[in-house]
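One structure is given here, and the rest of the page talks about it.
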Amino acid sequence: MGEFRYLPVTETDRQEMLQAIGITSEEELFSDVPSGIRFKGELSVEKALSEPELIRLFQEMAKKNATTTEYPSFLGAGVYDHYIPSVVDSVLSRGEFYTAYTPYQAEVSQGELQAIFEFQTLICELTGMDVANSSMYDGSTALAEAALLSAGTTRKNKILIAESVHPEYREVVQTYAHGRHLELVTIPSANGVVDLQALRQLVDSDTACVVVQYPNFYGQIEPLKEIEALVHGCGKAHFIVSSNPLALGLLTPPGDFHADIVTGDCQPLGISSSFGGPHCGYFAVTEKLVRKVPGRLVGQTVDEEGQRGYVLTLQAREQHIRRDKATSNICSNQALNALASAVAMTAFGKAGITELADQNLQKAHYAAEKLKNSGARLVTEGAFFNEFVIDCGASVPDVNRKLLEKGFIGGCDLGRFNPERKGQMLVAVTEMRTKEDIDQFAEALEEIIHG
Amino acid sequence: MANSNQPLIFEQSKTGRTAYSLSALDVPAQPTETLIASDYIRRKKPELPEVSELQLVRHYMALSRRNFGVDNGFYPLGSCTMKYNPKVNEVLARLDGLTHIHPYQDPQSVQGALELLYRLQTNLEEITGMDAMTLQPAAGAHGEWTGLMTIRAFHEANHDSKRTKVIIPDTAHGTNPASASVAGFETVTVKSNANGLVDLDDLRRVADETTAALMLTNPNTLGLFETHIQEIAEIIHAAGGKVYYDGANMNAIMGVTRPGDMGYDVVHLNLHKTFTGPHGGGGPGSGPVGVKKELAAFLPKPLIIQKEDGSYGLDYNRPQSIGRVKSYYGNFAINVRAYAYIRTMGGKGLNQVSKDAVLNANYLLKRLSGAFDTPFKQLCKHEFVLSGSRQKALGVRTLDMAKRLLDFGYYPPTIYFPLLVDEAMMIEPTETESKETLDAFADHLLEIAREAESNPEIVQEAPHQTVIKRLDETRAARHPILRYRKNDREQQ
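Protein chains in written order, with UniProt numbering: chain C, 1 to 451; chain L, 1 to 492.
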């Protein structure tokens, strides 16, 4: 009795309920499962723990990880260590939000629906687009869905993707493209951004879309203006931009450069790194594409008495209605993390998002100068946001191990994605790094490289 | 629930208010124009709201009061497994050592995280009877697609290029055909028989050399156990296809039977359903995929492995892999919660979960079966489907009864699904609800059935107690307003 605190059915209940059902034993409930496939004995999963034991076990496992709280981190490459206002977790911890499901019954889900409507608006404001959906799994799958949307809408089969897009995003797009029998072609980079000459050669009447990242994987600002002219100058192809939403506090939004679809990951805005997930993809389009958008959309309407309210809308696009003809198979979204991001964006507000983006820009440029003077070669030549590439002249994993001994989490080893970039480190500097952190990091790196 | 319109956060904005706190810039500031070309410097600031911290808190508290979760009350939303989300899981998922870690750290510096994932996947292999597992997919639909891509890669590796079709029962959730389509397959429908089970003759008719896979959950979408599952698997295997298990209904069978023992080759799980990762208002979820040995080489990369020296690592050297389905290693924080749940329940506890889930469902079915049409007469598993056809004849639709349930403080069941059943109402109580809760719910639903006879208007006009009445969905779709615009406010 009382062995499992989540299970309220008592022995007395059980007997009464079995009797009401008209059977005599629990075993009879499973009389439709043939004996040949009945599982014999007890599942040999790890043994059950009491709550105090469970907490101890998890604390022990947690202790085995070096955290970005403990070690100043210069690691980014798509996942960043940013300030998360305390109000974010306070809101997320409300059971009304986190223990609810997709707001099918609008009358008792107005809170979630309104929060998502606000999220959609915030994303539109940052990206400069007309419409945003309620979120996607993450930045990589959002980008893949964007490419599929383009292929489906333009009825073209070729996806052009810049080499300067996050390598894992490119891999995910590749997997999705293979699923839909689409061709993926990589646009080479020149000086860390899209090679415009090469793009001019590649883009043609079979092109469904051109995909770039802004700021790109190497932190650099892609020449969206020139790229857009090439994309839209040729047939029906869509211009897709994957963007760090924080950077858009400072950079001209992709919408102003006539992007057709803008996607990205909201992790920099209110979501912890959590070993890579869950984060929160966003998906924004022009008015023209609104009925092709994957995933849930929240719309404003009125009730029978004329009172303003919110509902899931344009559901004719979705899998539960369109089945195999749906624009995507996505069902749920990343609602709770979209909420986190909405709270963070609201906390920062108009002034904060700009100040936050500016601090990233300034600190990264200070760090780049500092590291250059400490003996690392600065590989990045053009304009960048909060990340840049240095050449360590040594194995980056080795350098990072030594940095960890000195109390730092070093940057991303670019050699893991591209053997030609062995020895190169992608360094991210956010507002969380103090001048002191940066100075000491530069010193530590100098000792390691020249030590 | 508070009965007043909550203004949008944008409508509460006033220039000059803030709700954040950043340290002053401690490095020399350079003019932005010297760092970024002027065309790329944002001219017009984004219209993010300007509110104080307390305004922000009150806004979201007001929104939370206008929302309903499992913590608020009974949530028998069929096929969604809305069980209790343990509080300790939330505490554990927020531990600093599990929250502030970066996916590209040296694996040696995140051994605890890798160990946790490895242990989770080992436990899930045992629960499902599978040989290998990936934790990368972010949700159930994502897992379905991943599993189908894995099957496709298997057939491609065997140069079996004719296998372009996936068989799906007519009762299946819409996600199944949508996932098949995104994975590049055509969909073939197999019929259900009068008992709500797969029609074996029809299955024999559609299974052939073009069959890549059959997607089937068991218990099926009607909450019924496919008693002939071994025969079904044999038919598909004999045709050269693979059998795919949609793990949406895993909550009914833990420790009772395993997909791997029933003849399934591929399984996806919804950790946010059976394994208590909270639903979050619609995600984030987690949709791990398990496979039998012969399919293991095709799973996404990297896989989490234990090395010979006992340490944990990431295996990228997988030349036959379908590639990546998501960046990094899946929804880690949801996987943490699932592992916490498994360690709370143990093997015996998980089995008791399924027994109680099935007991609760059958008890509730029994209590309701007098007043509603029950299309299938056998025992159900963890959920069941009622038909509102008797009430429809009185002019009261299932939608009306669902809305009336809101007045009594319940989240309604899934309605109008499965499509096969007229005026369907799909009820899944879960094992975490007490007999008292089930009895009270049954009493209320029976009362609604009586109201349908004696006072249909009160049901047809429901809800009466919510913050808002029924919303005009047609208007929302015809004239979509999908965002707030500052000038709209001035126009209104």
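Don't be surprised by glycine CBs; every beta carbon is placed ideally from N, CA and C.
Might you give, ordered along the chain, the residues of its own chain that have their beta carbon closer than 6 Å to the beta carbon of residue i, omitting 5 neighbours on each side?
{"i": "residue 314 of chain C", "result": "297"}
{"i": "residue 256 of chain L", "result": "354"}
{"i": "residue 10 of chain L", "result": "49, 484"}
{"i": "residue 153 of chain C", "result": "292"}
{"i": "residue 149 of chain C", "result": "292"}
Can you tell me whether DSSP reads residue i as helix, strand or coil?
{"i": "residue 332 of chain C", "result": "coil"}
{"i": "residue 100 of chain L", "result": "coil"}
{"i": "residue 265 of chain C", "result": "strand"}
{"i": "residue 412 of chain C", "result": "strand"}
{"i": "residue 439 of chain C", "result": "helix"}
{"i": "residue 479 of chain L", "result": "coil"}
{"i": "residue 207 of chain L", "result": "coil"}
{"i": "residue 169 of chain L", "result": "strand"}
{"i": "residue 451 of chain C", "result": "coil"}
{"i": "residue 492 of chain L", "result": "At residue 492 of chain L the pLDDT is 38, less than 50, meaning the model places this residue with poor confidence; the figure from the coordinates comes in the next sentence. Coil, per DSSP."}
{"i": "residue 424 of chain L", "result": "strand"}
{"i": "residue 170 of chain C", "result": "helix"}
{"i": "residue 186 of chain C", "result": "strand"}
{"i": "residue 38 of chain C", "result": "strand"}
{"i": "residue 155 of chain C", "result": "coil"}
{"i": "residue 283 of chain C", "result": "strand"}
{"i": "residue 377 of chain C", "result": "strand"}
{"i": "residue 438 of chain L", "result": "helix"}
{"i": "residue 247 of chain L", "result": "strand"}
Beta strand (DSSP E) containing residue i: first to last residue?
{"i": "residue 158 of chain C", "result": "158 to 162"}
{"i": "residue 341 of chain L", "result": "Unbroken run through residue 341 of chain L is the alpha helix (DSSP H), 332 to 368; no beta strand (DSSP E)."}
{"i": "residue 290 of chain L", "result": "289 to 291"}
{"i": "residue 313 of chain L", "result": "312 to 315"}
{"i": "residue 213 of chain C", "result": "207 to 214"}
{"i": "residue 299 of chain C", "result": "298 to 302"}
{"i": "residue 238 of chain C", "result": "238 to 243"}
{"i": "residue 186 of chain L", "result": "186 to 190"}
What is the residue span of the alpha helix (DSSP H) that residue i lies within?
{"i": "residue 425 of chain C", "result": "Note, residue 425 of chain C: premise wrong, no alpha helix (DSSP H); beta strand (DSSP E) at 424 to 428."}
{"i": "residue 155 of chain L", "result": "140 to 157"}
{"i": "residue 124 of chain C", "result": "110 to 127"}
{"i": "residue 163 of chain L", "result": "Unbroken run through residue 163 of chain L: none, as it is neither H nor E."}
{"i": "residue 385 of chain L", "result": "Segment 384 to 387 is the beta strand (DSSP E) holding residue 385 of chain L; no alpha helix (DSSP H) there."}
Which same chain residues end up closer than 7 Å to residue i when comparing Cβ atoms and leaving out the 5 residues on each side of it in sequence?
{"i": "residue 254 of chain C", "result": "127, 128, 214, 224, 241, 243, 262"}
{"i": "residue 176 of chain L", "result": "144, 168, 215, 246"}
{"i": "residue 271 of chain C", "result": "279, 280, 337, 340, 341"}
{"i": "residue 379 of chain C", "result": "389, 390, 391, 424"}
Might you give, ordered along the chain, the residues of its own chain that have their beta carbon closer than 8 Å to the beta carbon of residue i, omitting 5 neighbours on each side?
{"i": "residue 456 of chain C", "result": "Nothing about residue 456 of chain C can be reported from this structure: the residues present for chain C run from 1 to 451 only."}
{"i": "residue 111 of chain C", "result": "96, 97"}
{"i": "residue 66 of chain C", "result": "404, 409"}
{"i": "residue 32 of chain L", "result": "41"}
{"i": "residue 399 of chain C", "result": "392, 410, 425, 445, 448, 449"}
For the ligand GDP, is there any heavy atom lying closer than 7 Å to the beta carbon of residue i?
{"i": "residue 129 of chain C", "result": "In terms of ligand content, the structure shown is empty, and the ligand GDP therefore cannot be addressed."}
Residues of the region 341 to 355 of chain L with Cβ closer than 8 Å to any Cβ of chain C, in chain order: 342, 343, 344, 345, 346, 347, 348, 349, 350, 351, 352, 353, 355
Using 8 Å as the cut-off, can you tell me whether the region 207 to 223 of chain C makes contact with the region 379 to 389 of chain C, which would need three or more C-beta pairs spanning the two stretches below that distance? yes
Check whether the region 472 to 481 of chain L touches the region 299 to 318 of chain C, taking contact to mean three or more Cβ pairs, one atom from each stretch, closer than 8 Å. yes
Touch test, the region 291 to 310 of chain L against the region 59 to 70 of chain C, Cβ-Cβ under 8 Å, three pairs minimum: no
Interface positions of the region 372 to 397 of chain C facing chain L (Cβ-Cβ less than 7 Å), listed along the chain: 383, 397
Report yes or no: do the region 144 to 164 of chain C and the region 174 to 193 of chain C share at least 3 C-beta pairs separated by less than 8 Å? yes
Determine contact between the region 433 to 450 of chain C and the region 95 to 108 of chain C, defined as no fewer than three beta-carbon pairs at a distance below 8 Å. no
Would you be able to state if there are at least three C-beta pairs under 8 Å between the region 318 to 331 of chain L and the region 130 to 147 of chain L? yes
Could you check whether the region 455 to 463 of chain L touches the region 391 to 408 of chain L, counting it as contact only if at least three pairs of C-beta atoms, one from each stretch, sit closer than 8 Å? yes
Three-pair Cβ contact test at 8 Å for the region 149 to 165 of chain L versus the region 337 to 354 of chain L: no
Quick test of the definition: if touching needs 3 or more C-beta pairs under 8 Å, does the region 130 to 138 of chain C touch the region 98 to 118 of chain L? no
Using a beta-carbon distance cut-off of less than 9 Å, what residues from the region 275 to 293 of chain L approach chain C? 276, 278, 279, 280, 281, 282, 283, 284, 285, 286
Against chain L: residues of the region 326 to 349 of chain C by CB proximity under 8 Å: 326, 328, 329, 330, 331, 332, 333, 334, 335, 336, 337, 339, 343, 345, 346, 347, 348, 349
Measuring CB atoms only, is the region 434 to 454 of chain L touching the region 64 to 83 of chain C, in the sense that at least three cross pairs come out at less than 8 Å? no
Contact set between the region 154 to 169 of chain C and chain L, restricted to residues whose Cβ is under 9 Å from the partner: 166, 168, 169
Near-chain L residues of the region 202 to 219 of chain C - C-beta to any C-beta below 7 Å: none
Check whether the region 237 to 245 of chain L touches the region 188 to 201 of chain L, taking contact to mean three or more Cβ pairs, one atom from each stretch, closer than 8 Å. no
For the region 318 to 337 of chain L, which residues have a beta carbon sitting closer than 7 Å to at least one beta carbon of chain C? 322, 323, 324, 325, 326, 327, 328, 329, 330, 331, 332, 333, 334
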